[in-house]
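Participant: A single structure is presented below for examination.
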Amino acid sequence: MEPTTAVTRRTSLAQLIPVMLCFFAMGFVDLVGTASNYVQKDLALTDSQANLFPSLVFFWFLIFSVPTGMLMNRIGRKKTVLLSLVVTALSLIVPIFDNGYTTMLLAFSLLGIGNAIMQTSLNPLVSNLISPDKLASTLTFGQFVKAIASFLAPIIIAWGATTMLSTFELGWRIIFVIYAVVSVLSIAMLGATPITEERPDKASGFIACLKLLGRPFILLCFLGIMCHVGIDVGTNTTAPKLLMERAGVILEEATFATTVYFIARTAGCFLGSIILRIMSPKAFFCFSVILMLAAMVILFGAHSLTALYIGIALIGFGNSNIFSIIFSQALIHSPNEKNEVSGLMIMGLFGGTIFPLAMGYASDAFGQVGAVIVLTIGVIYLLGYTLKIRAAK
98 MEPTTAVTRR TSLAQLIPVM LCFFAMGFVD LVGTASNYVQ KDLALTDSQA NLFPSLVFFW
158 FLIFSVPTGM LMNRIGRKKT VLLSLVVTAL SLIVPIFDNG YTTMLLAFSL LGIGNAIMQT
218 SLNPLVSNLI SPDKLASTLT FGQFVKAIAS FLAPIIIAWG ATTMLSTFEL GWRIIFVIYA
278 VVSVLSIAML GATPITEERP DKASGFIACL KLLGRPFILL CFLGIMCHVG IDVGTNTTAP
338 KLLMERAGVI LEEATFATTV YFIARTAGCF LGSIILRIMS PKAFFCFSVI LMLAAMVILF
398 GAHSLTALYI GIALIGFGNS NIFSIIFSQA LIHSPNEKNE VSGLMIMGLF GGTIFPLAMG
458 YASDAFGQVG AVIVLTIGVI YLLGYTLKIR AAK
């Protein structure tokens with residue numbers, strides 16, 4: 098282990114830039130939300146047909162996360178990240194030539210598969226470059242870079258649809274050309290970057306990976322990731338509905354609540370990457386969860402736009418660093434099974450499917466306050482998880 102530590106402490110900017118560009122490519126998956134609306138309009142789809150696109154993303158996380166952890170044991174982390182970039186590039190090239198329903202289903206499926214592989218392999222790769230005490234802050238900065246790609250996607254799509262003769266007749270699909278070019282650039286840069294990896298974990302099977310959930314702390318981390326993603330997706334789904342129910346605004350105005358959330362989350366990622374270098378993960382995690390608890394109190398009874406926006410922003414800022422801290426804690430806890438642990442943690446992103454379903458049933462029964470109750474349960478779990486985090490930086 099000592100040689101790896103030595104390399105980690107001498108990490109150069111030339112190594113970090115390609116890795117951060119990979120985090121940018123990781124954010125390409127977030128274009129599916131905006132793109133699905135344009136596909137629905139172009140092909141005159143029903144809501145159920147259009148909603149299948151974003152659902153595919155979370156489905157592939159459930160299927161591919163653990164197998165990717167096993168794959169890393171055989172071919173290494175860097176090669177696995179390169180594979181994910183190739184799949185991502187292919188997913189972006191396919192829709193350039195055709196925008197039929199089957200083609201778009203294939204493209205978004207490949208995008209989800211590539212992203213599942215990338216999220217599973219890229220985070221452990223970072224652990225080869227960064228010392229454990231700086232891992233959480235570095236992963237948080239990576240999430241900030243990822244958020245930039247998420248922010249740019251709707252802007253590029255809108256620009257492509259309305260300018261330069263609908264951007265060379267591709268229209269909104271110009272986003273695929275631009276992001277495909279970035280994907281190819283990421284492949285070239287990472288492929289040319291030397292990274293000394295730890296000796297691969299021992300060969301393991303699917304059952305052996307799942308057995309890691311028998312370790313209490315790993316199970317707590319897995320459930321924590323599910324709560325984090327559930328709160329993230331659940332807030333994006335419920336925030337506009339809260340504004341419509343409580344403040345009486347129309348849908349077009351209510352969607353600004355999602356923008357408020359993303360602005361706060363991006364700011365939180367950036368500030369978190371700095372704060373985590375001077376504050377312990379335990380203390381900052383506790384602070385973040387307290388912000389979300391305060392947000393839940395606000396959302397339970399607020400009716401003014403200002404109060405609702407404050408509550409939504411507090412969730413965005415508080416939830417922005419939860420993933421990085423939990424993920425780094427899991428890797429540090431089981432250093433000899435980083436690949437398998439990474440697969441399990443990314444499989445926890447399936448919480449983005451479970452929470453909205455529960456919130457939907459709760460809101461049908463009690464109004465949007467029911468959805469807030471489900472979110473609060475997730476926040477309370479994270480508060481309990483705080484007690485298990487290592488106090489050291």
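All residue numbers for the sequence shown refer to the working numbering, where the first residue is 98 and numbers rise by one.
Glycine is no exception: its CB is placed at the ideal position from the N, C-alpha and C atoms.
Since we're looking at a predicted model, the values are computed, not measured.
#1: Where Leu168 and Ile470 are concerned, what is the direct C-alpha to C-alpha distance, given to the nearest angstrom?
#2: Rounded C-beta distance between Val178 and Leu441? I'm assuming under 8 Å.
#3: What distance in whole Å lies between the Cβ atoms of Ile214 and Thr165, which are believed to be in contact at a cut-off of 8 Å?
#4: If you draw a straight line from the alpha carbon of Gly321 to that of Ala410, how long is it in whole angstroms?
#5: Look up Asn196 in the DSSP assignment and say whether it is helix, strand or coil.
#6: Out of Asn212, Thr217, Cys366, which has the shortest C-alpha to C-alpha gap to Glu82?
#7: Considering only the alpha carbon of each residue, which of Leu180, Val154, Phe158, Ala233 lies closest to Leu203?
#8: Any chance you could list the beta strand (DSSP E) runs of at least 3 consecutive residues sitting entirely within the region 306 to 348, in chain order?
#9: Tell me whether Val138 is buried or exposed, calling it buried when 16 or more other Cβ atoms sit within 10 Å of its Cβ.
#10: Could you check if Asn436 is buried or exposed, using at least 16 other CB atoms within 10 Å of its CB as the buried criterion?
#11: Spatial neighbours of Leu110 within its chain, please: CB distance less than 8 Å, with the 5 preceding and 5 following residues excluded, ordered by chain position.
#12: Output needed for Ala244: all residues of its chain with C-beta closer than 8 Å, excluding positions within five of it in sequence on either side, in chain order.
#13: Identify whether Arg362 lies in helix, strand or coil by the three-state DSSP scheme.
#14: Classify Glu434 as helix, strand or coil using the three-state DSSP reduction.
#15: Since Glu480 is in the alpha helix (DSSP H), which residue starts that stretch and which ends it?
#16: Got a sec? Which residues, its chain only, sit under 6 Å from Gly239 by beta carbon, not counting five neighbours each side?
#17: For Ser234 and Phe161, what's the separation of their Cα atoms in angstroms?
#18: With a threshold of 16 other CB atoms inside 10 Å of the CB of Thr260, please say whether the residue is buried or exposed.
#19: Near Thr101, what residues of its chain come up, given a Cβ to Cβ distance below 6 Å and the 5 sequence neighbours on each side ignored?
#20: Counting along the chain, where does the alpha helix (DSSP H) carrying Leu110 start and finish?
#21: To the nearest angstrom, how far is the alpha carbon of Thr483 from that of Ser439?
#22: Cβ of Tyr88 within 7 Å of Cβ of Cys324?
#23: Taking the straight line between their C-alpha atoms, what separation do you get for Gly331 and Ser152?
#24: Determine the DSSP secondary structure at Leu142, reduced to helix, strand or coil.
#25: Any beta carbon of chain D sitting closer than 7 Å to that of Phe452?
#26: Quick one: what does DSSP say Ala455 is sitting in, helix, strand or coil?
#27: On a CA-only basis, which of Pro229, Gly448, Leu480 is nearest Pro432? Give me that one, please.
#28: Once DSSP output is grouped into helix, strand and coil, what is the label at Ala399?
#29: Start and end of the alpha helix (DSSP H) containing Met286?
#30: Comparing alpha-carbon positions, which option in Ala336, Ser247, Trp256, Leu113 lies nearest Leu402?
#31: What residues in its chain sit with their C-beta under 7 Å from that of Ile443, if we drop five residues either side in the sequence?
#32: Assuming Leu208 contacts Val126 under a Cβ cut-off of 8 Å, what Cβ separation, rounded to an integer in Å, is found between them?
#33: Tell me which residues share the same chain as Met117 and place their Cβ nearer than 7 Å to its Cβ, disregarding the 5 neighbours each side in the sequence.
#34: Which class does Asn212 belong to by DSSP, given the choice of helix, strand or coil?
#35: Thinking just about the alpha-carbon of each residue, which of Gly467, Ile419, Ala132 is nearest to the one in Leu480?
Facilitator: Taking the definition as stated:
#1: When rounded, the distance between both Cα atoms is 39 Å.
#2: In fact, because the Cβ distance is near 18 Å, the residues do not count as touching under 8 Å.
#3: The pair is a contact, with the Cβ atoms about 5 Å apart (cut-off 8 Å).
#4: Taking the straight line from one Cα to the other gives about 21 Å.
#5: Coil, per DSSP.
#6: The requested residue 82 is not part of the displayed model; the chain covers only 98 to 490.
#7: If we check each option's Cα against that of Leu203, Val154 comes out closest.
#8: Listed in chain order, the beta strand (DSSP E) elements of length 3 or more contained wholly in the region 306 to 348 amount to none.
#9: Looking at the sequence provided, one finds Lys at residue 138 rather than Val. That one is exposed.
#10: Residue environment for Asn436: buried (at least 16 other C-beta atoms within 10 angstroms of its C-beta).
#11: Closer than 8 Å at Cβ, skipping near neighbours: no residue.
#12: Gly124, Phe359, Arg362, Thr363, Cys366, listed in sequence order.
#13: Helix at Arg362.
#14: Residue state, collapsed to three classes: helix.
#15: Here residue 480 turns out to be Leu, not Glu, going by the sequence shown. Looking at the DSSP string, the run of the alpha helix (DSSP H) that includes Leu480 is 465 to 483.
#16: The residues are Phe120.
#17: Between the alpha carbons of Ser234 and Phe161 lies a gap of roughly 26 Å.
#18: By the neighbour-count rule (16 or more Cβ atoms within 10 Å), Thr260 is not buried but exposed.
#19: Unreliable positioning characterises Thr101 in this predicted model, as indicated by a pLDDT of 41, which lies under 50. The coordinate reading is nonetheless provided below. Result list for Thr101: Glu295, in chain order.
#20: Under the DSSP assignment, Leu110 falls in the alpha helix (DSSP H) whose first and last residues are 110 to 123.
#21: Using only the alpha carbons, I get a separation of about 20 Å.
#22: No answer is possible for residue 88: the residues shown for the chain start at 98 and end at 490.
#23: Distance between the alpha carbons of Gly331 and Ser152: 14 Å.
#24: Coil.
#25: The structure shown has no chain D; it contains just one protein chain.
#26: Reduced to three states, the DSSP call for Ala455 is helix.
#27: If we check each option's Cα against that of Pro432, Pro229 comes out closest.
#28: Residue state, collapsed to three classes: coil.
#29: Per DSSP, Met286 belongs to the alpha helix (DSSP H) from 271 to 288.
#30: The residue with the shortest Cα to Cα distance from Leu402 is Ala336.
#31: Non-local beta-carbon contacts of Ile443 in its own chain, meaning distances under 7 Å to residues more than five positions away in sequence, involve Phe158, Ser162, Ala213, Gln216, Thr217 in chain order.
#32: Between Leu208 and Val126 a beta carbon distance of about 6 Å is seen, short of the 8 Å cut, so the two are scored as contacting.
#33: The residues are Gly239, Val242.
#34: Asn212 falls in the helix class under three-state DSSP.
#35: Cα-wise, what sits closest to Leu480 is Ile419.
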